[in-house]
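Participant: Pasting in a structure now, in C-alpha cells, and then I'll have a few things to ask.
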Amino acid sequence: MTRTAVTTTARHRPSWQHRAGQLAEVLGTLLVIFFVVFPLIWIALAAFKNQIDVYSTRLLFKPTFDNFRAIFSDPIFLGGKVWVSTLVSFLTVAITVPLGAAAAYVLSRHRFRGRDTLFLMILVTQFVPAVVVAIPFFSLFRKLNLIDTPIALVIVYLSFTLPYAIWMLRGFFDSLPVEIEEASFIDGCNEFQTLRYVTLPLVMPGILVSAVFAFISAWNEFFFALILTRSNSLTLPVGTMNITGPRGPMWEQLAAAGLIVLVPIMIMSLFIRKYFVEGITVGAVK
Amino acid sequence: MAASSIPVRKPRRKEFRNATLRWTLLGPALFVIAATIIYPLISSFITSFRHWQLTDSPEPGDFVGLENYRRALSDAGFINSLKVSGEYMLLSVGLTLTLGLGIALLLQKPTRLNQFARALLIFPYAVAPVLKGYSWRFMLNPEYGVYAKMIGKLFPPLDHFLWLGHEFSALLVIAMSEVWGWAPLFALMFIGALGSIPSETTEAAKVDGATSFQIFWKITLPLLAPVIYIVALLKIISAFKMFDQIAIMTGGGPGDSTQTLYYYVYQLAFRNLDMGYASAVSYLLVVLMGIIAALYVRTLLSRGD
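Taken in order, these protein sequences are the chains called A and B. Just add 202 to the spot in the first sequence (first one is 1) and you have our numbering. Quick note: the second sequence, position 92, residue 79 per our numbering, numbers continuous.
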C-alpha cells in the first residue's frame, strides 16, 4: 500500500471517518509495540528493583545494582555459568561454521548422484526431536563419564546447529553467481585456490549470519543442558533455576540474570537484522 | 539471498568434479551428522524393543518385542499427553497465525510509526525460551503480576485469577509465552508477502465496491495462503517440540494438564529412568514429526519445479 492508496480512500470518504480510521490504526500500532517490547522492558526494569519494588507495578523506583552483585556472589555464582555458556557457545560455533560451510559449498557447486537426496536428508534431520537424541547420549555420556562437562554439551548441540548451518549456507552459495569462480579457473587457479581466495570471501556475510544463528541457539539452549549437567557445567539458562528463595523465584535477581542472557543476543539480532526472517525460515518463504 | 529449494544452476566446468576435494569437504560434516543424529535415532529405535530401567543397570536389558509399544496404548499418561500436545498445537498455531496476520495488516502501510514498529518485531523471537517462561509467569502472577493486574482492571471477574492454576488457562499462558516470540516474526513474513500483492488488484476491487472485509477474505487471504501453509508447518513442529516453558512455568501441572508428549517422554526417560519405554514413546513422537516433515519436504519440492 502506498501513499496514493491513502489519498484515493480519502477522496471517497467523509474526512471524520477517515481521521477516526487513521487514529484507530495508530492506536493499533501502539498496541503492537506494547505487546512486543513490554515483557522485555519489564524484565529490564525488574533487574534494577529492590526486593520490595519488584512486587509493585509502579514505574518509578530507586534503581539499584544489588541484584547483579548478588547473583555473582555466594550462593549463585553466576560467573561460572557465564563462562560455561560462553565456552560451549563459541566451541559449537567454531565447529559448526567450518564444517557447515565446507559441506554447503559442495552441495551447492558439485553435481553428483544422490546429492539432492543427501541434502533433503540433512534438512529432515532438523525434524528429529531433541529428546530422542538425548536418550542414547545420556546413557553413553554416563558410561564415558562425560556427564556435567562442556564437551558433552558441544557434541549434542552440533546435532541441531550443523544441519541448520548447512541448509542456510547452501542458500548463500547458491545466490553467488558461478561465473566469478569460472573466471578464476580460466585465470589458472585450481578449485581449492578458487574456493579459498574467491568463493569464501564473497560468501563471508553468510558465514557470519550462520555463526550468529548457531551462537544464539547454543546460548539459549535449555533442554540438553538440563539433562546433561549437574553442577560444574551448568549453563546460564539452567543456572537461573537456582535463583529461588523460600518463597519461590527471587524475581529481582532472576531478572538481572535474565538480562545477562538477553543482552548479547539482542545485540547480535540487531547485527543480522536484514537476514533474520530468511535465516529462520530458510527458504520456506520465497 | 534465496536460501531456497532444490534445483540450482548447473556448473558447466570440469573444475567442480574433483571427487577427492568433494568428499574431503563433505566428510567431516556427514560424520558429525551421523554421530549426533543417525546414531541416536538407531540406538533409540533398538532400545524401544528392550526392557531397560537405568536405576537397575547401566546396560540395556532383554529384548521384549513390541511390549513397550503395547504398554503405551494402554497408558493413560501417554493418551493424555497426546491429547495435551494436540490441544497445545491447535491453540499455539491458531493464536500465532491470527495474531501474526493481525499485526501484519496493522503495520502494512509504510508510515514512520509502522516502520519503527516493524524494526522491533525481530526482538521477541531470539529471547531464550526459558526467559519467555519466566517473564510471562512473573507478569501473570495473581498477586503482583503486571499483566494479571491489567487484566483484573479490564475484566474485574478475572482479578486475582490463578492463571497457572487452572487446566485450560495454564496451557493458554504457555502458548502465549511462545506466541509472543513467534507472532511478530510471522508478521514480518506476512508483511513481505503482502507487499508482493499488486495494489492494482485491491484498488480494482475497491472501485467495484468491495468492502475491506471482502477484500481481505476474497483477495488477500487466498494470495497469502501458500505462505500461511508453510509457516503453519514450521509452527506445528515447534509446538510439538516445546519444552522449556513447561519446565519453567508448570512442570506439567496442574495435574497433568500441561504434560505434552515431549514433556512426558522427558519424565519417563530422565525422571523415571525407564529408558526402554521412554524410547518407544519417543519413537511415536518421531513418527508424528516424520509426517509433518514429509508434508514440508513435499511442498518444497513442488515449488522447486
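Note that beta-carbon positions come from the ideal geometry of N, C-alpha and C, so glycine has one too. Everything numeric in this text was worked out from a predicted model, so none of it was measured.
#1: Enumerate in chain order the residues of its own chain whose CB-to-CB distance from Leu360/A is below 7 Å, with the five nearest sequence positions on each side excluded.
#2: Compute the Euclidean distance between the alpha carbons of Glu227/A and Phe425/A, then round it to the nearest angstrom.
#3: Please confirm if Ala272/A has its CB atom under 8 Å from at least one CB of chain B.
#4: In terms of residue numbering, what span does the alpha helix (DSSP H) encompassing Trp285/A cover?
#5: If I measure Cβ to Cβ from Gln455/A and keep anything under 6 Å in the same chain, skipping five residues before and after, which residues do I get?
#6: Once the 5 residues before and after Leu13/B are set aside, which same chain residues still bring their CB inside 6 Å of it?
#7: Considering only their Cβ atoms, is the gap separating Trp169/B from Lys222/B smaller than 8 Å?
#8: Could you pull the DSSP bridge partners for Asp261/B from this structure?
#9: Per DSSP, what kind of secondary structure is Phe50/B in: helix, strand or coil?
#10: Output yes or no for whether 8 Å exceeds the beta carbon distance between Phe340/A and Leu430/A.
#11: Would you call Trp204/B buried or exposed, if buried means 16 or more other Cβ atoms sit within 10 Å of its Cβ?
#12: Using the beta-carbon of each residue, which ones in chain B are nearer than 8 Å to Tyr257/A?
#13: Just to check my reading of the structure: Ile233/B and Gly242/B have Cβ atoms closer than 8 Å, yes? What is that Cβ distance to the nearest angstrom?
#14: Run through DSSP, which three-state label would Pro451/A get?
#15: For Lys251/A, does the count of other Cβ atoms within 10 angstroms reach 16, so buried, or fall short, so exposed?
#16: Whole angstroms is fine: what's the gap from Ala91/B's alpha carbon to Pro213/B's?
#17: Buried or exposed: where does Ser433/A fall if 16 or more other Cβ atoms within 10 Å of its Cβ makes it buried?
#18: Among Ile24/B, Ile25/B, Pro111/B, which one has its Cα closest to the Cα of Phe237/A?
#19: Report yes or no: do three or more beta-carbon pairs, one from the stretch 324 to 332 of chain A and one from the stretch 366 to 373 of chain A, lie closer than 8 Å?
#20: Between the alpha carbons of Ser419/A and Ile224/B, how many angstroms are there, rounded?
#21: Of the residues that make up the stretch 98 to 119 of chain B, which ones have a beta carbon closer than 9 Å to any beta carbon in chain D?
#22: Assuming Met76/B contacts Phe227/B under a Cβ cut-off of 8 Å, what Cβ separation, rounded to an integer in Å, is found between them?
#23: Using three-state DSSP, classify Thr446/A as helix, strand or coil.
#24: Taking all protein chains shown into account, do 16 or more other C-beta atoms lie within 10 angstroms of the C-beta of Gly132/B, making it buried, or fewer, making it exposed?
#25: Could you work out which residues of chain A lie near Met126/B, taking near to mean beta carbons separated by less than 9 Å?
#26: With respect to the alpha helix (DSSP H) encompassing Phe203/B, which residues constitute its N-terminal and C-terminal limits?
#27: Have a look at Pro15/B and Thr7/B and give me their C-alpha separation to the nearest angstrom.
Facilitator: So, to answer that:
#1: If you number the first sequence from 1, residue 360/A lands on position 158. The answer, listed in chain order, is Thr294, Ile297, Thr298.
#2: Within the first sequence, numbered from 1, the residue matching residue 227/A stands at position 25. Within the first sequence, numbered from 1, the residue matching residue 425/A stands at position 223. If I take the Cα positions, the gap works out to 41 Å.
#3: Taking the first sequence and counting its residues from 1, one reaches residue 272/A at position 70. Put simply, the CB of Ala272/A is far from chain B, with every gap to its CB atoms at 8 Å or more.
#4: For the purposes of this step, residue 285/A is identified with residue 83 of the first sequence, where counting begins at 1. Taken as a continuous stretch (DSSP letters only), the alpha helix (DSSP H) holding Trp285/A covers 280 to 311.
#5: For the purposes of this step, residue 455/A is identified with residue 253 of the first sequence, where counting begins at 1. Taking C-beta separations shorter than 6 Å and ignoring five residues to either side along the sequence, the partners of Gln455/A in its chain run Asn269, Ala272, Ile273, Ile445, following chain order.
#6: By 1-based counting over the second sequence, the position of residue 13/B is 26. No residues qualify anywhere along the chain.
#7: Numbered from 1 along the second sequence, position 235 holds the residue referred to as residue 222/B. Numbered from 1 along the second sequence, position 182 holds the residue referred to as residue 169/B. When the beta-carbon positions are compared, Lys222/B and Trp169/B come within less than 8 Å of each other.
#8: The count along the second sequence starts at 1 and reaches residue 261/B at position 274. BP columns for Asp261/B point to Gln40/B.
#9: One-based indexing of the second sequence puts residue 50/B at position 63. Strand at Phe50/B.
#10: As a working mapping, residue 340/A is identified with position 138 in the first sequence. As a working mapping, residue 430/A is identified with position 228 in the first sequence. Between Phe340/A and Leu430/A, the CB-CB gap stays under 8 Å.
#11: Within the second sequence, numbered from 1, the residue matching residue 204/B stands at position 217. Exposed: under 16 other Cβ atoms inside 10 Å.
#12: Your numbering for residue 257/A matches position 55 in the first sequence. Chain B residues near Tyr257/A: Glu130, Tyr131.
#13: Locating residue 233/B in the second sequence gives position 246, where the first residue counts as 1. Locating residue 242/B in the second sequence gives position 255, where the first residue counts as 1. That pair is no contact at about 13 Å.
#14: As a first step, residue 451/A is located in the first sequence; it is residue number 249 there, counting from the start. Three-state DSSP puts Pro451/A in a strand.
#15: Position 49 of the first sequence holds residue 251/A. Classification for Lys251/A: buried.
#16: For this step, residue 91/B is matched to residue 104 along the second sequence. For this step, residue 213/B is matched to residue 226 along the second sequence. Going from the Cα of Ala91/B to the Cα of Pro213/B covers about 16 Å.
#17: On the first sequence, position 231 is the one that residue 433/A refers to. It is exposed - the Cβ of Ser433/A has fewer than 16 other Cβ atoms within 10 Å.
#18: If you number the first sequence from 1, residue 237/A lands on position 35. Among Ile24/B, Ile25/B, Pro111/B, the Cα nearest to that of Phe237/A belongs to Pro111/B.
#19: They touch, by the three-pair rule.
#20: As a working mapping, residue 419/A is identified with position 217 in the first sequence. As a working mapping, residue 224/B is identified with position 237 in the second sequence. Distance between the alpha carbons of Ser419/A and Ile224/B: 16 Å.
#21: The question asks about chain D, but that chain is absent: this structure's protein chains are A and B.
#22: Start at 1 with the first residue of the second sequence, and residue 76/B comes out as number 89. Start at 1 with the first residue of the second sequence, and residue 227/B comes out as number 240. The pair is a contact, with the Cβ atoms about 6 Å apart (cut-off 8 Å).
#23: Here residue 446/A refers to the residue found at position 244 when the first sequence is read from its first residue. Three-state DSSP puts Thr446/A in a strand.
#24: Mapped onto the second sequence, residue 132/B falls at position 145. Under a 10 Å Cβ-count criterion, Gly132/B is classified as buried, with 16 or more other Cβ atoms of the shown protein chains found around its own Cβ.
#25: As a first step, residue 126/B is located in the second sequence; it is residue number 139 there, counting from the start. Close to Met126/B, with beta-carbon spacing below 9 Å, are these residues of chain A in chain order: Phe240, Pro241, Trp244.
#26: As a working note, residue 203/B is residue 216 in the second sequence. Looking at the DSSP string, Phe203/B is not in any alpha helix (DSSP H), and its letter there is neither H nor E.
#27: By one-based count along the second sequence, residue 15/B stands at place 28. By one-based count along the second sequence, residue 7/B stands at place 20. When only Cα atoms are considered, Pro15/B and Thr7/B end up about 13 Å apart.
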